[in-house]
Amino acid sequence: MAYKQVSSRSGGALSWFLQRVTGIVLLFVMIGHYILMHYNIDSGHTYDAVLSRMQNPFYKGLQMTFVVLGIYHGVNGTWSVVRDFDLNKSVSWTIYALLVISGVVFGLVGITTLMSF
Amino acid sequence: MSWIKTLLTYEKAPGAWSWGLHRITGLGLMFYLYLHIFALTALQEGPEAFNAEMELFKSPVFMLLEWALFGLVLFHSFNGFRIVLIDLAQGAKYHKKMLYWLTGISIALFAGMGYVIFSGVFH
Amino acid sequence: MIHKYDVVIVGAGGAGLQAAIEIPTESSCAVLTKVFPTRSHTGTAQGGVSAALGNEEEDSWEWHAFDTVKGGDYLGDQDAIETMCKDAIRAIIELEHMGMPFNRTPEGKIAQRMFGGHTANFGKKPVRRACYSADRTGHVMLQTLYEQCIKNDVTFFSEFHVMDLIIRDGVCRGLVAIEIKTGEIHIFHAKAVMFATGGYGRVFQITSNAMAGTGDGFEMAYRNGVPLEDMEFVQFHPTGLWKLGILVSEAARGEGGILRNKDGERFMERYAPSIKDLAPRDMVSRAIFTEIKEGRGIEAPDGSFYVGLDLTHLGKELIEEKLPEITGFAKTYLGVDANEEWIPVQPTTHYAMGGIPTTIDAEVIVDENNTTMPGFYAAGECACVSVHGANRLGTNSLLDILVFGRRGGKKIAKFIVNADYPELPDDASAWTHETIERIRNNDNNVKMIDVRSKMQKTMMDTCSVFRVENTMKEGLQKIKELQEKYLLVGIDDKSKGFNTDLLEVAELGSLLNTAETIITCAINRKESRGAHSRDDYPKRDDTDWLKHSLIFATTGSTPDIRYKPVIIKQFEPKERVY
Amino acid sequence: MELTVRIQRYDPEKDSAPHFENYKLENVNKTDRILDLLNRIKWEIDGGLTYRRSCTHGICGSDAVKINGRNRLACSVLVQDLKISKSTIQIEPIPALPLEKDLLVDMSSFFEKYEIVKPYLIPKDAPPERERYQTNEDAELLFESAKCIQCGSCSTSCPSLWVNENYIGPAAFLKAYRFIFDTRDDATAERLDLIDTTDGLWRCHTIFNCVEACPKEIDITWHISQLKKAALRREI
Numbered sequence: 001m002a003y004k005q006v007s008s009r010s011g012g013a014l015s016w017f018l019q020r021v022t023g024i025v026l027l028f029v030m031i032g033h034y035i036l037m038h039y040n041i042d043s044g045h046t047y048d049a050v051l052s053r054m055q056n057p058f059y060k061g062l063q064m065t066f067v068v069l070g071i072y073h074g075v076n077g078t079w080s081v082v083r084d085f086d087l088n089k090s091v092s093w094t095i096y097a098l099l100v101i102s103g104v105v106f107g108l109v110g111i112t113t114l115m116s117f
Numbered sequence: 001m002s003w004i005k006t007l008l009t010y011e012k013a014p015g016a017w018s019w020g021l022h023r024i025t026g027l028g029l030m031f032y033l034y035l036h037i038f039a040l041t042a043l044q045e046g047p048e049a050f051n052a053e054m055e056l057f058k059s060p061v062f063m064l065l066e067w068a069l070f071g072l073v074l075f076h077s078f079n080g081f082r083i084v085l086i087d088l089a090q091g092a093k094y095h096k097k098m099l100y101w102l103t104g105i106s107i108a109l110f111a112g113m114g115y116v117i118f119s120g121v122f123h
Numbered sequence: 001m002i003h004k005y006d007v008v009i010v011g012a013g014g015a016g017l018q019a020a021i022e023i024p025t026e027s028s029c030a031v032l033t034k035v036f037p038t039r040s041h042t043g044t045a046q047g048g049v050s051a052a053l054g055n056e057e058e059d060s061w062e063w064h065a066f067d068t069v070k071g072g073d074y075l076g077d078q079d080a081i082e083t084m085c086k087d088a089i090r091a092i093i094e095l096e097h098m099g100m101p102f103n104r105t106p107e108g109k110i111a112q113r114m115f116g117g118h119t120a121n122f123g124k125k126p127v128r129r130a131c132y133s134a135d136r137t138g139h140v141m142l143q144t145l146y147e148q149c150i151k152n153d154v155t156f157f158s159e160f161h162v163m164d165l166i167i168r169d170g171v172c173r174g175l176v177a178i179e180i181k182t183g184e185i186h187i188f189h190a191k192a193v194m195f196a197t198g199g200y201g202r203v204f205q206i207t208s209n210a211m212a213g214t215g216d217g218f219e220m221a222y223r224n225g226v227p228l229e230d231m232e233f234v235q236f237h238p239t240g241l242w243k244l245g246i247l248v249s250e251a252a253r254g255e256g257g258i259l260r261n262k263d264g265e266r267f268m269e270r271y272a273p274s275i276k277d278l279a280p281r282d283m284v285s286r287a288i289f290t291e292i293k294e295g296r297g298i299e300a301p302d303g304s305f306y307v308g309l310d311l312t313h314l315g316k317e318l319i320e321e322k323l324p325e326i327t328g329f330a331k332t333y334l335g336v337d338a339n340e341e342w343i344p345v346q347p348t349t350h351y352a353m354g355g356i357p358t359t360i361d362a363e364v365i366v367d368e369n370n371t372t373m374p375g376f377y378a379a380g381e382c383a384c385v386s387v388h389g390a391n392r393l394g395t396n397s398l399l400d401i402l403v404f405g406r407r408g409g410k411k412i413a414k415f416i417v418n419a420d421y422p423e424l425p426d427d428a429s430a431w432t433h434e435t436i437e438r439i440r441n442n443d444n445n446v447k448m449i450d451v452r453s454k455m456q457k458t459m460m461d462t463c464s465v466f467r468v469e470n471t472m473k474e475g476l477q478k479i480k481e482l483q484e485k486y487l488l489v490g491i492d493d494k495s496k497g498f499n500t501d502l503l504e505v506a507e508l509g510s511l512l513n514t515a516e517t518i519i520t521c522a523i524n525r526k527e528s529r530g531a532h533s534r535d536d537y538p539k540r541d542d543t544d545w546l547k548h549s550l551i552f553a554t555t556g557s558t559p560d561i562r563y564k565p566v567i568i569k570q571f572e573p574k575e576r577v578y
Numbered sequence: 001m002e003l004t005v006r007i008q009r010y011d012p013e014k015d016s017a018p019h020f021e022n023y024k025l026e027n028v029n030k031t032d033r034i035l036d037l038l039n040r041i042k043w044e045i046d047g048g049l050t051y052r053r054s055c056t057h058g059i060c061g062s063d064a065v066k067i068n069g070r071n072r073l074a075c076s077v078l079v080q081d082l083k084i085s086k087s088t089i090q091i092e093p094i095p096a097l098p099l100e101k102d103l104l105v106d107m108s109s110f111f112e113k114y115e116i117v118k119p120y121l122i123p124k125d126a127p128p129e130r131e132r133y134q135t136n137e138d139a140e141l142l143f144e145s146a147k148c149i150q151c152g153s154c155s156t157s158c159p160s161l162w163v164n165e166n167y168i169g170p171a172a173f174l175k176a177y178r179f180i181f182d183t184r185d186d187a188t189a190e191r192l193d194l195i196d197t198t199d200g201l202w203r204c205h206t207i208f209n210c211v212e213a214c215p216k217e218i219d220i221t222w223h224i225s226q227l228k229k230a231a232l233r234r235e236i
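As you go down the protein sequences, you meet chains F, V, X and C in turn.
In terms of the working numbering, the first sequence is residues 1 to 117.
In terms of the working numbering, the second sequence is residues 1 to 123.
In terms of the working numbering, the third sequence is residues 1 to 578.
In terms of the working numbering, the fourth sequence is residues 1 to 236.
Here it is as structure tokens:
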């Protein structure tokens, strides 16, 4: 193998760091989500219960953060798994595009759902 | 694809296990997150649709799945925390110890969650 | 395949790399090595490299020169020793500038430690002269020099096994090598060839040397009519790991380690009252063998004997900081925790004081009148300048390769400017082809391993620390028989690429011929001096033997031995006591 | 004791694919090095067995092989150090590098990567007359990384290399660390540029296979984490 050196900074540092930052934030959001949404005395899961919770801006904000950061962390994480492989450019760009599009789509769906109340 | 053979035959130390599981749980959670978001779109279709869906989740099978999901969340969060300590603090020097401790705590929490889910205290 | 290079350096240890760095980039230079450069044996040096920097206490290059002369039992050439000790300071500073990581003093200078035979004020007391990097000095030095070669874009031919020199009419014209990967024979046509091929430790059974240390350079030169100087002087390092021979650095004693016999006695007090355990290596090795002979050795489960190297009083912290590698070896290979127990040690074949005779500029000398051979240079362990005389002081080998590797490189750089490529003979690779064909076509009835282990055992039994005429003569006889047998040795592996089976047989040829020169010279020198200790001639004899021996190959069965005077400058020979 | 050594053999001039051969050895001591076993097989049974070796005590870095599923130096592991099931020791070449013959692999890509991190001191100023001063603490920061013997155990144990042959790998990172954290060196940014790439630092996922494999017990992952932080620091 003649080694191909790709020099020039490629911004790996930032996405690597953001992955860690979002991870830590998600850790707390997750705890919040679990306790507030699922496991407390009045965490009903009926339509009405959910609806009434969603009126609370704090809850809403928390869910919004969860959706956005969760999707970012997930897409970025999956991309880093994909990037480990020595794929040819077109394949990796396709996967990248699919990941980004899916993230955007599901992000929008999630946000729309949240905003519809 | 010879890497698969290498991966399978090479001795896996705790670090390698945690890496593998972190990836698997991560991808699993990613998938679940999309599913979760998709499921919640039922909220827009009105109370009947949503409540019907919620009933589904109360079945024992889904309770098991919920418990398993919590397992993924636990491992991925705690191991993620460990990775952050390795990368940004001096965690590399204590990585195995951390893994053993976090695994211990996770198992305890996982058991606790099992009780919570199946006893139905919060339902 | 024929390559043309201004300079071809054989060996990528300290001397070879240091020489390569000195060749200007305008000239073409190739470094050939049978192992990858960073695998060279320089990397196993542990304790330090000496220079009178005076960083820890007062020191001077003259004291260093005196110690080297006295350590070598007055056989060293004092002009060369002077050159080396003076240049040492520059050499170390230059290494530091190249980025070698050293241990440091509290003020941030290069730290120095004590080492065997290095004293202040002409033998008054031990002095801190060895610059070091924990006990990996050689390793980091080799790395640093290799790094500089990468920086200078030196051309390496790694895993090329050099088989033969091309010398015709007293002129060196290049060499013949096998590319290990393909098995192909390459001819390197050169204006200048430098040998930096290292030692021959594998001639003996117990050795600290790498398996690559098979004396190829010595033998190739000798076979092609170049004499070998002072081959009888073989250094036995007193502290090799018991049975394995793996080196336990003298730094262990420099940091305060003590040798003890089975009664727990610090026996070196009896042999060298003033500097005790820090006496030169030849003395300590003899002392250990004497202790064992007189029944004060420690018996091992298998009935062999060793002595103990006691580091238990040094403290965990010092051991971890300054001697981590060797205590690691003791742990890995013998299961001995040096913090708690004595390390079992025994003398191990370590270093060749003798070798290809050279001037102080690494030009190879071909006779007793100091005539040099155009285009042939040698430096490092395979060369004999001679700075080590009859016994090398610890840390001086790393210094030797730096100083004379560099001087050789500089001399070559000057030489090639005006030199033309000498004509290449048609039969340049004939010997190599014949040898390979012979080995390939032999029936595999005589096994390489049988011949080699018999040779190693013979050398160990007849020509190690204590030597007697009769046994040595028997030894020589056996070596000659083995040389006959060697011609019948065959191989299992008939493939071309990576045929290590074939190369090991070729190396055996080098080992046997080198062994012959060692034992022949040892029989010839009828005195005891430095590492050459004769039971039948226990005294040093300056009247008859204050001279270098040069062994020449002849067409007959007995080699020719001639002599060359020792250069004495400011230090007149005196009795050697410590 | 009696022992079976199962060795992967491959002679490109004869075999189409690698295969395993078993060698029965008698009178094996539990304190024998694995290299001693290989030597015995080569010298007594089959001279064709091919592998690299030189110093025999873990400092030249020639004989990294995969022993019982993990990269180790054959000369630094004794029989007693291995968990041996069914009295068999399995020896294969280190993974992920092109196989040449038997246990011998082509290490050229490994060394190419070593060279790209500019593995030599690059100081800004001309050298002073005497040594550059450095505190012992600063010097000791380098010692662990300077222990590296380039045996290749670490890089070839890394899953990131298994799936991407362009991955620069732990050994080269360690060399980069050796200079980036040397107080005498002034080419930090230049060197970081070379490893702060998509095939560089960010493919390290702290798997610790390198640390497990390193025969010199270097905490390579720790060293890489220092490099990652250095690369990050200049971004934020």
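Where a beta carbon is used, it is the ideal one built from N, C-alpha and C, also for glycine.
Check the Cβ of residue i against every Cβ in chain C and list those closer than 7 Å, keeping chain order.
i, result
"TRP3(V)", "TRP162 and VAL163"
"ALA13(F)", "ASP196, ALA231, LEU232 and GLU235"
"ASN103(X)", "ASN136 and ALA139"
Pick helix, strand or coil for residue i, following the three-state DSSP scheme.
i, result
"SER7(F)", "Because SER7(F) sits at a pLDDT of 48, beneath the cut-off of 50, its placement in the model cannot be relied upon, and the point is left open."
"ALA120(X)", "strand"
"THR41(V)", "helix"
"HIS161(X)", "strand"
Taking Cβ-Cβ distances shorter than 9 Å, what residues in chain V pair up with residue i?
i, result
"LYS86(C)", "Going along chain V, no residue has its Cβ under 9 Å from LYS86(C), so there is no contact; the nearest lies around 17 Å."
Exposed or buried, residue i, counting other C-beta atoms within 10 Å across all chains shown (16 or more means buried)?
i, result
"PHE75(V)", "buried"
"TYR486(X)", "buried"
"ARG270(X)", "exposed"
"LEU318(X)", "exposed"
"HIS19(C)", "exposed"
"VAL73(V)", "buried"
"GLY308(X)", "buried"
Consider the Cβ of residue i: report whether some Cβ of chain F lies at a distance smaller than 8 Å.
i, result
"LEU201(C)", "yes"
"PRO14(V)", "no"
For chain C, check one thing: does any of its Cβ atoms lie closer than 8 Å to the Cβ of residue i?
i, result
"ALA379(X)", "no"
"LEU7(V)", "yes"
Given that residue i touches chain F, what residues does it touch there, using C-beta distances under 9 Å?
i, result
"PRO60(V)", "Going along chain F, no residue has its Cβ under 9 Å from PRO60(V), so there is no contact; the nearest lies around 16 Å."
"MET30(V)", "GLY70, ILE71, HIS73, GLY74, VAL75, GLY77 and THR78"
So which residues of chain C does residue i contact, with C-beta pairs closer than 9 Å?
i, result
"TRP16(F)", "LEU201, TRP202, LYS228, ALA231 and LEU232"
"TRP19(V)", "PRO159, HIS205, THR206, ILE207, PHE208 and ASN209"
Below 8 Å on C-beta distance, what does residue i contact in chain V?
i, result
"THR113(F)", "ILE37, LEU40, THR41, LEU43 and GLN44"
Using a Cβ-Cβ cut-off of 8 Å, state whether residue i counts as contacting chain A.
i, result
"TYR100(V)", "In the structure shown, chain A does not exist; the protein chains are F, V, X and C."
If we define contact as Cβ-Cβ less than 8 Å, is residue i a contact residue for chain X?
i, result
"VAL28(C)", "no"
(request) Anything in the segment 79-90 of chain F with a Cβ closer than 7 Å to a Cβ of chain V? List those residues in chain order, please. (result) Cβ contacts with chain V come from VAL81.
(request) Check each residue of the segment 66-87 of chain V: if its Cβ is closer than 8 Å to any Cβ of chain C, include it; give the result in chain order. (result) ILE83, ILE86 and ASP87
(request) Please name the residues in the segment 57-83 of chain C whose beta-carbon is closer than 8 Å to at least one beta-carbon of chain V, in chain order. (result) LYS66, ASN68, GLY69 and ARG70
(message) For the segment 209-227 of chain X, list every residue whose C-beta sits within 8 Å of some C-beta in chain C, in sequence order.
(response) Considering only beta carbons, the part of the segment 209-227 of chain X lying closer than 8 Å to chain C consists of ALA210, MET211 and ALA212, in chain order.
(message) At a CB distance below 8 Å, what residues from the segment 59-71 of chain F approach chain V? Give them in sequence order.
(response) So the close ones are VAL67, GLY70 and ILE71.
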